[in-house]
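*Asks:* Below: one structure in structure tokens.
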Amino acid sequence: MTFQFAPFDFTAPFKPAKRALVGSLVCALGFLSGNSAFAQSQQPQAATPQGQMFEEEIVPQRYANNPNVEAFINDMVARYDFDASALHDLFARVSYSATAAKLVLPSPTPQTKNWRAYQARFIEPVRINAGVKFWRANQATLQRAAEQFGVPPEVIVGIIGVETIYGKYMGNFRALDALTTLTFDYPNTPNRTERMATFRKNLEDLLVWTRDSQIDPTTVLGSYTGAIGIPQFLPSSIVQYAVDYDGNSRIDLRTSPADAIGSVANYLKQNGWEPGRPVVWRIAGDVGSQGIAQAAADGAPEPKWSLAQLTKAGMLLNEPGLNIAAEAPTPLTVVDLPTPGRATEYTLGLKNFYVLTRYNRSFFYALAVYQLGEAVKARMMAGDTARTRSDVVPALKKTKPRHTPGFFSSNWRNARHQAGNTPVDR
Numbered sequence: 001m002t003f004q005f006a007p008f009d010f011t012a013p014f015k016p017a018k019r020a021l022v023g024s025l026v027c028a029l030g031f032l033s034g035n036s037a038f039a040q041s042q043q044p045q046a047a048t049p050q051g052q053m054f055e056e057e058i059v060p061q062r063y064a065n066n067p068n069v070e071a072f073i074n075d076m077v078a079r080y081d082f083d084a085s086a087l088h089d090l091f092a093r094v095s096y097s098a099t100a101a102k103l104v105l106p107s108p109t110p111q112t113k114n115w116r117a118y119q120a121r122f123i124e125p126v127r128i129n130a131g132v133k134f135w136r137a138n139q140a141t142l143q144r145a146a147e148q149f150g151v152p153p154e155v156i157v158g159i160i161g162v163e164t165i166y167g168k169y170m171g172n173f174r175a176l177d178a179l180t181t182l183t184f185d186y187p188n189t190p191n192r193t194e195r196m197a198t199f200r201k202n203l204e205d206l207l208v209w210t211r212d213s214q215i216d217p218t219t220v221l222g223s224y225t226g227a228i229g230i231p232q233f234l235p236s237s238i239v240q241y242a243v244d245y246d247g248n249s250r251i252d253l254r255t256s257p258a259d260a261i262g263s264v265a266n267y268l269k270q271n272g273w274e275p276g277r278p279v280v281w282r283i284a285g286d287v288g289s290q291g292i293a294q295a296a297a298d299g300a301p302e303p304k305w306s307l308a309q310l311t312k313a314g315m316l317l318n319e320p321g322l323n324i325a326a327e328a329p330t331p332l333t334v335v336d337l338p339t340p341g342r343a344t345e346y347t348l349g350l351k352n353f354y355v356l357t358r359y360n361r362s363f364f365y366a367l368a369v370y371q372l373g374e375a376v377k378a379r380m381m382a383g384d385t386a387r388t389r390s391d392v393v394p395a396l397k398k399t400k401p402r403h404t405p406g407f408f409s410s411n412w413r414n415a416r417h418q419a420g421n422t423p424v425d426r
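The sequence shown: position 208 = 208 (full-length UniProt numbering), numbered continuously.
Okay, structure coming up:
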């Protein structure tokens with residue numbers, strides 16, 4: 001069986017893939033979202049044959065007769081039964097993207113971490129109202145995912161809202177160009193070897209996924225790091241976590257909200273989501289409790305303190321009705337949320353908070369996802385899409401909404417430094 005993709009025959013006779021579906025855990029580095037300006041329509045963007053390419057930033061034919069690409073092709077032939085000539089033809093049509101190579105560079109000026117500024121970008125009226133519309137349009141699917149995977153609708157809505165504003169900003173770079181560029185021409189940074197290995201794995205998975213799904217890989221669009229669709233999954237995450245949730249026998253994360261919803265829910269479940277459990281607990285505002293939080297916060301997302309340890313040290317919680325004794329063994333992360341000119345805020349993250357950091361290894365990201373989901377849920381319950389943002393987050397003044405997600409956006413560098421954590425691969 002061959003899959004014909006004009007103008008080339010992409011694979012050799014198909015055989016079952018000889019591989020374990022081991023995907024990189026991916027987030028905005030964390031790996032995250034698409035573009036950076038608001039669009040007029042809320043509907044997901046339709047795929048177009050051409051990505052976001054600019055003449056002065058593209059080097060054609062860079063990967064034809066390239067010895068590193070040749071070695072990669074030989075490996076793909078040996079491990080996944082690809083046709084060598086088809087891959088040579090394919091890479092001859094891949095373009096180097098200076099844009100992608102530039103955007104993965106760290107910011108030349110370190111950014112001060114600012115939780116309140118980060119929060120204001122995501123918990124705002126445009127995004128909340130879009131979340132209400134998305135929830136209403138997909139209510140049955142969200143409920144089905146909650147029942148099947150144990151992940152509440154508001155959490156799924158929060159992630160998709162932070163990632164792409166419900167499909168508005170998914171990126172228009174050719175994923176093949178971006179991933180090839182970052183596999184073979186990653187900039188000279190301290191983490192270059194690690195990053196190139198991650199992108200190589202995703203390039204492999206892009207080719208295998210598109211072959212197995214009978215998709216022309218040159219038509220797949222995404223962010224400048226190759227993150228794809230409404231939930232901004234890298235190919236390795238598509239291979240491991242994506243599901244066909246609309247029942248049409250194909251996975252389409254770009255135009256199928258149902259597939260996006262099911263895939264996000266499955267991702268969280270597979271990474272340890274605990275159904276029915278909280279995401280965060282609030283710490284009391286007294287000086288003693290805040291001091292203990294400051295001492296216990298180390299920036300690591302993995303839960304390392306038990307509630308018993310923290311309360312024994314004197315920490316009080318602002319959680320009326322919480323059974324402290326019953327929850328004594330609960331493992332927690334002390335989450336620090338610095339803002340210049342303000343006292344650092346702290347909260348306690350439970351296992352589900354940690355799971356959100358597996359999507360993007362950033363405290364700011366995980367809490368923004370949680371708070372956006374809660375704000376949309378509150379608006380849904382109120383049944384009033386006209387309420388102002390101050391009704392939902394009264395502590396924040398109104399600001400012009402901007403789309404500033406994590407690693408998978410053109411604004412990744414600022415978001416990454418504001419988050420202040422080193423993301424993992426999603």
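The beta carbon of each residue, even a glycine, is placed where N, CA and C say it ideally should be.
Measuring straight from C-alpha to C-alpha, what distance separates residue 96 and residue 152?
*Replies:* Counted from its first residue, the sequence shown places residue 96 at position 96. Counted from its first residue, the sequence shown places residue 152 at position 152. Rounded to whole angstroms, residue 96 to residue 152 spans 41 Å at the Cα level.
*Asks:* If we ignore side chains and look at the alpha-carbon of each, how far apart do residue 333 and residue 282 end up?
*Replies:* For the purposes of this step, residue 333 is taken as the residue at position 333 of the sequence shown. For the purposes of this step, residue 282 is taken as the residue at position 282 of the sequence shown. Taking the straight line from one Cα to the other gives about 12 Å.
*Asks:* Considering only the alpha carbon of each residue, which of 322, 150, 70 and 331 lies closest to residue 354?
*Replies:* For the purposes of this step, residue 354 is taken as residue 354 along the sequence shown, with counting starting at 1. The residue from 322, 150, 70 and 331 with its alpha-carbon nearest to that of residue 354 is 331.
*Asks:* Exposed or buried, what is residue 59 when buried is set at 16 or more other beta-carbons lying within 10 Å of its beta-carbon?
*Replies:* On the sequence shown, residue 59 is found 59 positions in, with the first residue counted as 1. Looking at its Cβ environment, which holds fewer than 16 other Cβ atoms inside 10 Å, residue 59 is exposed.
*Asks:* Suppose contacts are defined by Cβ-Cβ distances below 9 Å. Is residue 314 in contact with residue 289 by that definition?
*Replies:* Within the sequence shown, numbered from 1, the residue matching residue 314 stands at position 314. Within the sequence shown, numbered from 1, the residue matching residue 289 stands at position 289. Against a cut-off of 9 Å, the Cβ pair of residue 289 and residue 314 comes out as a contact.
*Asks:* Quick check on residue 69: does DSSP put it in helix, strand or coil?
*Replies:* Counted from its first residue, the sequence shown places residue 69 at position 69. Here residue 69 sits in helix by DSSP.
*Asks:* Closer than 8 Å is the cut-off here; do at least three beta carbon pairs connect the segment 205-224 with the segment 171-181?
*Replies:* yes
*Asks:* Provide the residue span of the beta strand (DSSP E) that contains residue 349, from first to last.
*Replies:* Counting from 1 along the sequence shown, the entry for residue 349 is found at position 349. Taken as a continuous stretch (DSSP letters only), the beta strand (DSSP E) holding residue 349 covers 345-349.
*Asks:* Quick test of your reading: residue 350 and residue 280, contact by CB under 8 Å. State the CB separation rounded to the nearest angstrom.
*Replies:* The residue you call residue 350 lines up with position 350 of the sequence shown. The residue you call residue 280 lines up with position 280 of the sequence shown. Sure, about 7 Å apart at Cβ, within 8 Å.
*Asks:* Would you mind reading off the limits of the alpha helix (DSSP H) that contains residue 432?
*Replies:* With the chain covering only 1 through 426, there is no way to say anything about residue 432.
*Asks:* Using only alpha-carbon positions, find the residue among 64, 211, 236 and 78 that is nearest to residue 359.
*Replies:* As a first step, residue 359 is located in the sequence shown; it is residue number 359 there, counting from the start. Of the candidates 64, 211, 236 and 78, the one whose C-alpha sits nearest the C-alpha of residue 359 is 236.
*Asks:* Quick one: what's got a C-beta closer than 8 Å to residue 277's C-beta in the same chain, skipping five residues either side?
*Replies:* Working through the sequence shown from its first residue, we reach residue 277 at position 277. Cβ neighbours of residue 277 beyond the five flanking positions: 350, 351 and 352.
*Asks:* If you reduce the DSSP assignment to three classes, tell me which class residue 116 lands in.
*Replies:* Numbered from 1 along the sequence shown, position 116 holds the residue referred to as residue 116. Residue 116: helix per DSSP, three-state reduction.
*Asks:* Give a yes or no on contact between the segment 110-124 and the segment 333-344, applying the rule of three or more CB pairs nearer than 8 Å.
*Replies:* Verdict: yes, contact present.
*Asks:* In the DSSP assignment, the alpha helix (DSSP H) including residue 208 goes from what residue to what residue?
*Replies:* Working through the sequence shown from its first residue, we reach residue 208 at position 208. 192-212 is the span of the alpha helix (DSSP H), which, as asked, contains residue 208.
*Asks:* Going by alpha carbons, who is nearest to residue 126 out of 258, 166 and 184?
*Replies:* One-based indexing of the sequence shown puts residue 126 at position 126. If we check each option's Cα against that of residue 126, 166 comes out closest.
*Asks:* Three-state secondary structure (DSSP) at residue 224?
*Replies:* In the sequence shown, the residue the question calls residue 224 occupies position 224. Residue 224 falls in the coil class under three-state DSSP.
*Asks:* Take the Cβ of residue 372 as the centre, count every other Cβ of all protein chains shown within 10 Å, and call the residue buried at 16 or more, exposed below.
*Replies:* On the sequence shown, position 372 is the one that residue 372 refers to. Looking at its Cβ environment, which holds 16 or more other Cβ atoms inside 10 Å, residue 372 is buried.
*Asks:* So, with DSSP's three-state summary, where would you put residue 263?
*Replies:* Residue 263 sits at position 263 when you count from the first residue of the sequence shown. Helix.
*Asks:* Secondary structure at residue 305, three-state DSSP: helix, strand or coil?
*Replies:* Along the sequence shown, one-based indexing puts residue 305 at 305. Note: residue 305 maps to strand in three-state DSSP.
*Asks:* Look up residue 332 in the DSSP assignment and give the residues it is bridged to.
*Replies:* One-based indexing of the sequence shown puts residue 332 at position 332. Bridge partners of residue 332: 305.
*Asks:* Checking 9 Å against the spacing of the C-beta atoms, do residue 160 and residue 264 come in under that value?
*Replies:* Here residue 160 corresponds to residue number 160 of the sequence shown, with the count starting at 1. Here residue 264 corresponds to residue number 264 of the sequence shown, with the count starting at 1. It is a contact, given that the beta carbons lie within the stated cut-off.
*Asks:* With DSSP as the reference, identify every bridge partner of residue 173, one or two as the case may be.
*Replies:* Position 173 of the sequence shown, counted from the first residue, corresponds to residue 173. BP columns for residue 173 point to 222.
*Asks:* Is the separation between the beta-carbon of residue 128 and that of residue 296 shorter than 9 Å?
*Replies:* On the sequence shown, position 128 is the one that residue 128 refers to. On the sequence shown, position 296 is the one that residue 296 refers to. No, they are not a contact pair.
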